[in-house]
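In my numbering, the protein residues as written are -9 to 160. Just so it is clear, CB atoms sit at the ideal spot from N, CA and C, and this is done for glycine as well. Every value quoted in this text rests on a predicted model; they were computed, and no experiment measured them. Worksheet for the structure shown next.
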Amino acid sequence: MDRSQKADLVDELKNVFNETSVVVITRNNGLSVAQSTDLRLKMRDAGAQYKVAKNRLALIALDGTRYSPIGDLLKGPTALATSTDPVAAAKVAVDFAKTNDKFEIVGGAMGDTVLDVDGIKALAALPSLDELRAKLVGLIQAPASKIARTVNEPGAQLARVFGAYAASAA
-9 MDRSQKADLV DELKNVFNET SVVVITRNNG LSVAQSTDLR LKMRDAGAQY KVAKNRLALI
51 ALDGTRYSPI GDLLKGPTAL ATSTDPVAAA KVAVDFAKTN DKFEIVGGAM GDTVLDVDGI
111 KALAALPSLD ELRAKLVGLI QAPASKIART VNEPGAQLAR VFGAYAASAA
């Protein structure tokens, strides 16, 4: 990798750090190509990215961003999982770590907050942004449907009374 490629990679990583909501640092000790591809596909499906980068280049890219405190975690064979959804990358990483003993979560950060392994696991336990949106829409729609039922109920009761009266008169 020549100097210009390294500079491009640093610029790309700096853009990722400026646009992302969460960074999860992982250690992949001996993952096979198939396992690594599977992890990348799961990350992509969840709206996250998984990138293996040289620690020195990642440290240069971290400098001047809000994620600079996580530079201490970049030791050994590490990779970065990032996403704009604060939960997506953590959720996929934790799920993958449960099924693969060669994959280890080192830590990460969400905004200015540095997270340890337990913090990443707690973040992964939260509902995703899409799940929260669905719950919010459900909560917003519930009162409207209750109001419609309440407004229609007296008319329906009156109709049942008239129907019963007509049936008994006939």
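Taking 8 Å as the cut-off, the Cβ atoms of V13 and L70 count as close. With the rule of 3 Cβ pairs closer than 8 Å, the region 15 to 24 counts as touching the region 83 to 102. Counting only the Cα atoms, L29 lies some 8 Å from Y40. The DSSP-derived three-state label of G97 is strand.
Its chain contains S73, T74, D75 and A78 as the residues whose beta carbon lies nearer than 8 Å to that of G37, once the 5 sequence neighbours on both sides are disregarded; these appear in chain order.
For the 8 Å CB-CB criterion, K32 and N45 do not form a contact. Annotation for I15: the continuous beta strand (DSSP E) segment containing it runs V12 to N18. Under the DSSP definition of a beta bridge, A71 partners with V14 and Y40. Just so you know, the alpha carbons of T55 and S11 end up roughly 12 Å apart. Its Cα nearest to that of I60, the residue G101 stands out among E121, E143 and G101.
Boundaries of the alpha helix (DSSP H) harbouring L52: N45 to L52, taken from the DSSP string. In the DSSP assignment, the residues bridged to L105 are G98. Beyond the five residues adjoining it in sequence on each side, A51 comes within less than 7 Å, by CB distance, of V0, L3, K4 and F7 in the same chain, given in chain order. Residue state for T89 is assigned as helix, using DSSP reduced to three classes. Excluding five sequence positions before and after L116, the CB atoms of its chain that fall closer than 6 Å to its own CB belong to V77, given in chain order.
With fewer than 16 other CB atoms across the displayed protein chains lying within 10 angstroms of its CB, K88 is exposed. At least 8 Å separates the beta-carbon of K111 from that of V82. Rounded to whole angstroms, the Cβ separation of L47 and K(-4) is 6 Å, and the two are in contact under 8 Å.
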